[in-house]
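Protein chains in written order, with my numbering: chain A, 1 to 460; chain B, 1 to 196.
In this text, a Cβ means the ideal position worked out from N, Cα and C, and glycines have one as well.
Everything below concerns the one structure shown next.
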Amino acid sequence: MKKTLFDKVWDAHVVDSIENGPQVLYIDKHLIHEVTSPQAFKDLEERNIPIFRPDQIVATADHNTPTTNQHLPVRDALSKKQLEQLSKNCKRHRITLYELGHKYNGIVHVMAPELGITLPGMTIVCGDSHTSTHGAFGTIAFGIGTSQVAQVFASQCLLLTKPKSLRVSVNGNLKKGVLPKDVILYIISKIGTNAGTGYFCEYAGDVFENMSMEGRMTVCNMSIEMGARGGMIAPDETTFEYVKGRKFAPADNALEEKVTYWKTLSTDDGAVFDKEFHFDANDIEPMLTYGTNPGMGIKITGQIPEISDASFEKSLNYMNFKKGESLIGKPINFVFIGSCTNSRIEDFRVAADFVKGKQKAENVTAWLVPGSKQVEAQIINEGLKEIFKGAGFELRQPGCSACLAMNDDKIPQGEYCVSTSNRNFEGRQGQGSRTILASPLMAAATAIEGKIVDITKHLN
Amino acid sequence: MEKFTTLTSKAIPLDIENIDTDQIIPARFLKATDKKGFGDNIFRDWMYNKQGDINSGFILNNPKYSGNILVAGNNFGCGSSREHAAWALVGYGFKVVVSSFFADIFRGNALNNGLLPVQVSQNYLNLIMSEIKTNPETQIKIDLEQQTITITDKDISELFDIDPYKKTCLINGYDDIDYLVSKKDIIEAFEEHNRK
Numbered sequence: 001m002k003k004t005l006f007d008k009v010w011d012a013h014v015v016d017s018i019e020n021g022p023q024v025l026y027i028d029k030h031l032i033h034e035v036t037s038p039q040a041f042k043d044l045e046e047r048n049i050p051i052f053r054p055d056q057i058v059a060t061a062d063h064n065t066p067t068t069n070q071h072l073p074v075r076d077a078l079s080k081k082q083l084e085q086l087s088k089n090c091k092r093h094r095i096t097l098y099e100l101g102h103k104y105n106g107i108v109h110v111m112a113p114e115l116g117i118t119l120p121g122m123t124i125v126c127g128d129s130h131t132s133t134h135g136a137f138g139t140i141a142f143g144i145g146t147s148q149v150a151q152v153f154a155s156q157c158l159l160l161t162k163p164k165s166l167r168v169s170v171n172g173n174l175k176k177g178v179l180p181k182d183v184i185l186y187i188i189s190k191i192g193t194n195a196g197t198g199y200f201c202e203y204a205g206d207v208f209e210n211m212s213m214e215g216r217m218t219v220c221n222m223s224i225e226m227g228a229r230g231g232m233i234a235p236d237e238t239t240f241e242y243v244k245g246r247k248f249a250p251a252d253n254a255l256e257e258k259v260t261y262w263k264t265l266s267t268d269d270g271a272v273f274d275k276e277f278h279f280d281a282n283d284i285e286p287m288l289t290y291g292t293n294p295g296m297g298i299k300i301t302g303q304i305p306e307i308s309d310a311s312f313e314k315s316l317n318y319m320n321f322k323k324g325e326s327l328i329g330k331p332i333n334f335v336f337i338g339s340c341t342n343s344r345i346e347d348f349r350v351a352a353d354f355v356k357g358k359q360k361a362e363n364v365t366a367w368l369v370p371g372s373k374q375v376e377a378q379i380i381n382e383g384l385k386e387i388f389k390g391a392g393f394e395l396r397q398p399g400c401s402a403c404l405a406m407n408d409d410k411i412p413q414g415e416y417c418v419s420t421s422n423r424n425f426e427g428r429q430g431q432g433s434r435t436i437l438a439s440p441l442m443a444a445a446t447a448i449e450g451k452i453v454d455i456t457k458h459l460n
Numbered sequence: 001m002e003k004f005t006t007l008t009s010k011a012i013p014l015d016i017e018n019i020d021t022d023q024i025i026p027a028r029f030l031k032a033t034d035k036k037g038f039g040d041n042i043f044r045d046w047m048y049n050k051q052g053d054i055n056s057g058f059i060l061n062n063p064k065y066s067g068n069i070l071v072a073g074n075n076f077g078c079g080s081s082r083e084h085a086a087w088a089l090v091g092y093g094f095k096v097v098v099s100s101f102f103a104d105i106f107r108g109n110a111l112n113n114g115l116l117p118v119q120v121s122q123n124y125l126n127l128i129m130s131e132i133k134t135n136p137e138t139q140i141k142i143d144l145e146q147q148t149i150t151i152t153d154k155d156i157s158e159l160f161d162i163d164p165y166k167k168t169c170l171i172n173g174y175d176d177i178d179y180l181v182s183k184k185d186i187i188e189a190f191e192e193h194n195r196k
């Protein structure tokens, strides 16, 4: 039988099947963070169940950490307690933890790939819906709830029903100024926020084949925003080249052996998907969202659609936008470049390249939050920090930051923020804040101009 | 986990689509390290207005409506995987959420906390929504064994789907950990085989 990439990885991890029920799926790597793990540790302790495979768990502090003065004690008492609880739990159970200030600390979905913890063909879970990011390597990676975190702690397995298969193919050449973020925002705007629910998605076609690993991570990251538990891209030379030499990746003969296996993972010709979508790369433009879910996106040259529907109108009312209007020229006071979607070195290079020699508009507060300590070091070593500083941008320390505004990095009430993050939900970036999702290039241009511009008219 | 068999209750109609878990429980309330207290901040930014006063226009603040069943628009529970959303709904007193579509992770989280997600057709959802809005005393009956939802005074029912394994778990109050821990031997054998 012809198999998909997903089938191959899934089937290699099935431990057992319950008749007329779910399967027991083995989990290779379990990533944890401070917000969704404490109740799971407590559950197991109360039931006297030990952690089954502590050496297959890696922890980081990211959601609830400050992005300034990380060398000082955390000021917020509840955040401090949550971070201390993570440290205590990891120490007690001998789990590797990259805590605040550690040279490997960072957003879980930035840290794990850059350390070579994420490898093709694996199953990876984390109590965070953007775990889909790791699918860029051809891994089955998905977000889980805290009860499931406890299940993986107890057994290194999960009880799951195999999802249906979906393939999104994009072929052709991307236009100038169109980034991976635009590709995924375009796809979600076309198929909607629940088209992927119940499915695992594979991204195929030359657009993804020609994409860097950073770009593939951006795409897979937002799979959950169309409802899919995860998204995958077949591992290829780009993947192997990225993995090679990473801290925890196999080396030499062990790597060669692995690569031989990884090459067998791509979807067989003739394999059948439950659902397929095809798009032409030439139709994609730089994208923006105008509403309060990531499916409410338009091309930069487009207008907000005229839809008569109570939920749609509630959303536009929240954003204070009107049906039929263009977003070009809208004044913007806040710009955020960061989050597990777009906080890798490539994202900052794109932004720096545009910003170089320019000055941010006076009305704009521009926050740059690297995804990890390693990305932060790269920004400094490559001289990008000086470029950003010269342009009036503020480089902060790594963390999830204003993507979910759990820490102090909040966008004020009523303000618009052009953000490279993944969710434009009501209040996501702070109570009453209004998020416009975009690529790092669009975000950088917004910061310079102080308003939304058609980026394609600003490129050489 | 609490057992679930049948429930007859009034219901609250929350007629909004794509309700994400950030609305159910905003991120700033996720700093706790236990499962208690999330019900106090459920739908916080809809329950209260910008000044921090109670928003009387929000359905959960309307004294006409009460009950252990929440009836919500399409694609309920999308977004963040935070199980805190399920804890908030349970903490507030809900035992069932009815919608025409649930996001995957939320559905799993709900089931793992004894909160039953009942997925109905869009037509049935529209009907139930308008029945409750017209008559807030409308009683809704959920029978898990029979997998039926019924508007009792109209006797209009619909069947709903649930994974048979999860159904058994809910009826008996079991959770997945018990099952997985009992499979330790075959999990170890799988590991042994795959290390070769």
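So which residues of chain B does residue i contact, with C-beta pairs closer than 8 angstroms?
i	result
A:SER311	ILE16, GLU17, ASN18 and GLY73
A:LYS314	ILE16
Can you tell me which of the three DSSP states residue i falls into?
i	result
B:PRO136	coil
B:CYS78	strand
B:SER182	helix
A:GLN397	coil
A:ARG167	strand
B:ILE156	strand
A:LYS103	coil
A:CYS126	strand
A:LEU404	coil
B:PRO13	strand
A:ALA40	helix
A:ALA310	helix
B:ASP143	strand
Check the Cβ of residue i against every Cβ in chain A and list those closer than 7 angstroms, keeping chain order.
i	result
B:ASN165	In the sequence as displayed, the identity of residue 165 of chain B is Tyr instead of Asn. Neighbours of B:TYR165 on chain A, chain order: ILE18, GLY21 and PRO22.
B:PHE190	VAL15 and TYR26
B:ASP176	GLN151 and LEU159
B:VAL97	Neighbours of B:VAL97 on chain A: none; closest Cβ ~15 angstroms, over 7 angstroms.
B:TYR124	None at all; the shortest Cβ gap to chain A is about 18 angstroms.
B:LYS50	GLN413 and GLY432
Go to residue i, then tell me how far its beta strand (DSSP E) extends in each direction, as first and last residue.
i	result
A:ASN293	Note, A:ASN293: premise wrong, no beta strand (DSSP E); not H, not E.
A:ASN460	That residue, A:ASN460, is in no beta strand (DSSP E); it is neither H nor E in DSSP.
B:SER99	96-99
A:GLY231	230-232
A:HIS30	29-32
A:ARG434	434-437
A:TYR203	199-204
A:CYS417	416-419
Give me the DSSP bridge partner(s) of residue i.
i	result
A:PHE6	Paired residue(s): none; A:PHE6 is not in a bridge.
B:PHE58	None; B:PHE58 has no bridge partner.
B:TYR65	Note: B:TYR65 sits in no beta bridge, so no partner.
A:LEU185	Paired residues: none, contrary to the question.
A:GLN23	A:SER17 and A:LEU160
A:ALA141	A:ILE124
B:LEU7	B:ILE142
A:TYR98	A:THR60
Could you spell out where the alpha helix (DSSP H) holding residue i opens and where it closes?
i	result
B:ASP104	104-111
A:ALA361	No alpha helix (DSSP H) contains A:ALA361, which DSSP labels as neither H nor E.
A:ASP252	252-262
A:VAL335	Element bounds for A:VAL335: not the alpha helix (DSSP H) but the beta strand (DSSP E), 334-337.
A:LYS275	A:LYS275 -> not in any alpha helix (DSSP H); beta strand (DSSP E) instead, spanning 275-280.
B:THR168	164-172
B:ILE149	Run containing B:ILE149: none in the alpha helix (DSSP H); it sits in the beta strand (DSSP E), 148-151.
A:TYR242	237-243
B:TYR92	84-92
B:PRO117	Per DSSP, B:PRO117 belongs to no alpha helix (DSSP H); it is in the beta strand (DSSP E), 116-119.
Could you work out which residues of chain A lie near residue i, taking near to mean beta carbons separated by less than 9 angstroms?
i	result
B:GLN23	PHE425, GLU426 and GLY427
B:LEU30	VAL35, THR36, HIS63, ASN64, GLN82, LEU404 and MET406
Note down, in chain order, every chain B residue with its Cβ under 9 angstroms from the Cβ of residue i.
i	result
A:ILE51	None at all; the shortest Cβ gap to chain B is about 12 angstroms.
A:LYS42	THR33, ASP34 and LYS35
Run down chain B in chain order and give the residues with a C-beta less than 7 angstroms from the C-beta of residue i.
i	result
A:GLY143	SER81 and ILE105
Check the Cβ of residue i against every Cβ in chain A and list those closer than 8 angstroms, keeping chain order.
i	result
B:ILE59	Here the premise fails: no neighbours, minimum Cβ distance about 13 angstroms.
B:VAL181	ILE49, ALA154 and SER155
Selection of the region 167-191 of chain A by Cβ proximity to chain B, strictly under 7 angstroms
Within the region 167-191 of chain A, no residue qualifies.
Members of the region 264-296 of chain A near chain B, C-beta cut-off 7 angstroms
Listed in chain order, the positions of the region 264-296 of chain A with a beta carbon within less than 7 angstroms of a beta carbon of chain B are ASN293.
Cβ-based contacts, 7 angstroms cut-off: residues of the region 108-141 of chain A near chain B:
Within the region 108-141 of chain A, GLY127, ASP128 and SER129 place their CB atoms closer than 7 angstroms to a CB of chain B, listed in sequence order.
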